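S.K.: Okay, handing you the structure first.
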Amino acid sequence: DAGVTQSPTHLIKTRGQHVTLRCSPISGHKSVSWYQQVLGQGPQFIFQYYEKEERGRGNFPDRFSARQFPNYSSELNVNALLLGDSALYLCASSFDVGGYTDTQYFGPGTRLTVL
Amino acid sequence: DQQVKQNSPSLSVQEGRISILNCDYTNSMFDYFLWYKKYPAEGPTFLISISSIKDKNEDGRFTVFLNKSAKHLSLHIVPSQPGDSAVYFCAASPTGNQFYFGTGTSLTVIP
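Chains A and B are the protein sequences, given in the same order. In terms of the numbering used here, the first sequence opens at residue 1246 and continues consecutively. In terms of the numbering used here, the second sequence opens at residue 2 and continues consecutively.
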């Protein structure tokens, strides 16, 4: 069975540009969460989507947005990139039933470098 | 405001001995806890979980202990193996919500 997949693996952008990161959850999982991990820190929560609706949002500026598609895949968009957006972006999926917390399984991440 | 803390950035243990990784949290609403293992250039790999209704969960060489009154959890690895060398993150969540991660502990198991 395929795990969580993310694309691209690596990405280099310049300040001010826009980026779209993609994630496909484990088959049968309906919830997708996005995290940002900078060097030396743990993952920081950005968004959670469940059944195509936003269920949670972390403390990130409006330059960050996301959506979930009918097939439960998801995109994370970041506008007006800053140097500080350079990080590993992780996607996690979980089955989630009726609001109880479920284990999140992570993809390999997308390494974004902003120059 | 760091709601989940791993105060030991690194830990070295001899192969075959016990590794104990610690994690403290501040939010009494957290009711589900996970441990992840992470190798460089990979996403975190789920290891073991525990809900707040339990104080211990065991899976092979891995055991997680939860002390709710102290807001403390620990991961025990027995016996430690060189392949266990990685960064370990604890994560906590209130019901149906996001996970908060600690800053990680880098475990080195010395052959």
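We treat Cβ as the ideally placed atom computed from N, Cα and C, and that holds for glycine. Keep in mind it's a predicted model, so treat the numbers as computed, not measured.
(1) Along the stretch 23-55 of chain B, what residues have a CB closer than 9 Å to any CB found in chain A?
(2) Taking all protein chains shown into account, do 16 or more other C-beta atoms lie within 10 angstroms of the C-beta of B/Phe90, making it buried, or fewer, making it exposed?
(3) If you measure from the beta carbon of A/Gln1293 to each beta carbon in chain B, is any gap under 8 Å?
(4) Does B/Phe63 get closer than 8 Å to chain A when you measure Cβ to Cβ?
(5) Within 8 Å of any Cβ in chain A, is that where the Cβ of B/Thr106 sits?
(6) Grab me the residues of A/Lys1297's own chain with a C-beta within less than 6 Å of its C-beta, minus the 5 sequence neighbours each way, in chain order.
(7) From A/Ser1310 to B/Gly17, what does the alpha carbon distance come to, in whole angstroms?
(8) Suppose the cutoff is 8 Å on Cβ atoms and the five residues either side in sequence are ignored; what does the same chain contact list for A/Gln1286 look like?
(9) At the level of alpha carbons, what is the spacing between B/Gly44 and B/Ser70?
(10) Ignore the nearest five residues each way along the sequence and tell me which others in A/Gly1354's own chain have a CB closer than 7 Å to its CB.
M.R.: Short version:
(1) Residues passing the 9 Å Cβ filter: Asp32, Tyr33, Leu35, Tyr37, Lys39, Ala42, Glu43, Gly44, Pro45, Thr46, Phe47, Ser50 and Ser52.
(2) Sixteen is the threshold: when 16 or more other Cβ atoms of the shown chains lie within 10 Å of the Cβ of B/Phe90, as they do, the residue is buried.
(3) Yes, A/Gln1293 lies at the interface with chain B (some Cβ there is under 8 Å from its Cβ).
(4) Not one chain A Cβ lies under 8 Å of B/Phe63.
(5) With 8 Å as the cut-off, B/Thr106 does not count as an interface residue toward chain A.
(6) Contacts found: Gln1313.
(7) When rounded, the separation of the alpha-carbon atoms in A/Ser1310 and B/Gly17 is 46 Å.
(8) For A/Gln1286, where only same-chain residues beyond five positions count, there are no Cβ hits under 8 Å.
(9) B/Gly44 and B/Ser70 have their C-alpha atoms spaced approximately 32 Å apart.
(10) Result list for A/Gly1354: Gln1251, Leu1333, Tyr1334 and Leu1335, in chain order.
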